[in-house]
Amino acid sequence: MTAAEKGILTKVQLLQQQDIAIQNQGQLEELQKHALDLRVEHSQLQLQLEQTPATLEAKRNDIARQIADVAQSLSETGARRSVVLRAPTDGMVTNLLVHAGQPVGAQQPLITLLSKDIALRAELWVPSKAVGFVTCGDRVLLRYQCLQHGGPRRVH
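Taking our numbering, I'd label the letters of the sequence shown as residues 4 to 159.
#1: Can you find the residues in the same chain that come closer than 8 Å, C-beta to C-beta, to Val-143, ignoring five residues on each side of it along the sequence?
#2: Please confirm whether Leu-117 and Leu-123 have their CB atoms less than 9 Å apart.
#3: Out of Ala-133, Val-129 and Ala-125, which one is the CA nearest neighbour of Tyr-147?
#4: Taking a contact to mean a Cβ-Cβ separation below 9 Å, would you say Ile-114 touches Thr-97 in this structure?
#5: Scan the stretch 72-138 and note each continuous beta strand (DSSP E) run of 3 residues or more that stays entirely inside, going in chain order.
#6: My understanding is that Lys-119 touches Gly-94, with C-beta atoms under 8 Å, so please give their C-beta distance in whole angstroms.
#7: In angstroms, rounded to a whole number, what distance separates the CA positions of Gln-20 and Glu-44?
#8: For the putative contact between Pro-112 and Leu-99, defined by C-beta atoms under 8 Å, what is the C-beta separation to the nearest angstrom?
#9: As a quick exercise: from Gln-69, Gln-30 and Val-86, pick the residue whose alpha carbon is nearest that of Val-107.
#10: Tell me the rounded alpha-carbon separation between Gln-75 and Thr-55.
#11: Taking just the CA atoms, how far does Arg-63 sit from Gln-69?
#12: Pull up the distance between the alpha-carbon of Gly-83 and that of Leu-77, whole angstroms please.
#13: Measuring only between beta-carbons, confirm whether Ala-90 sits less than 9 Å from chain B.
Shown next as structure tokens:
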């Protein structure tokens, strides 16, 4: 015999208690599902936490590789910006054809170089009215424009 049949509870009270029990059962199942979801999320977070050092190390290595690539690129760029050119023989620069910082082509002449064994000769022109005053062997005053980095050491 049930409590309703014994008269302890009315049928309405019994139905209310059954509804409450069903609601409680639904809430329990919902909470169990939520607990399961939280356990799964906890496991995923734990796995991420365990993988974090390896992930960070991989990212650190990637950044170090990128830095090395940039450094190498800068080094190559610097090497292409300046080149040391050596003269094929000893001599004297008589004409600079380019200026510092100016881009040049592969076959473009940069200077005029005279061998050190070549004697330079100057041809002097005298105004007509002064020709009668100059004779062979006379000393003359020779003025010339020097190169930026110095001129001849002596003139004969």
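We put the CB at the ideal spot given by N, CA and C, even for glycine.
Per the coordinate set shown:
#1: Same-chain partners within the cutoff: Leu-127 and Val-137.
#2: Their beta carbons are under 9 Å apart, which means Leu-117 touches Leu-123 by this criterion.
#3: The residue among Ala-133, Val-129 and Ala-125 with its C-alpha nearest the C-alpha of Tyr-147 is Ala-125.
#4: Yes. Within cutoff.
#5: The stretch 72-138 contains these whole beta strand (DSSP E) runs: 94-99 and 114-118.
#6: About 5 Å; that satisfies the 8 Å criterion.
#7: For Gln-20 and Glu-44, the distance between alpha carbons rounds to 36 Å.
#8: Contact between Pro-112 and Leu-99 fails: their C-beta atoms lie close to 10 Å from each other, not under 8 Å.
#9: Ranking Gln-69, Gln-30 and Val-86 by Cα distance to Val-107 puts Val-86 first.
#10: Each residue's CA atom was taken as its position, placing Gln-75 and Thr-55 some 30 Å apart.
#11: Taking the straight line joining both Cα atoms gives about 10 Å.
#12: Strictly speaking, residue 83 in this sequence is Arg, with Gly absent from that position. Between Arg-83 and Leu-77, the alpha-carbon positions lie close to 10 Å from each other.
#13: Absent here is chain B; the protein component of the structure consists of one chain.
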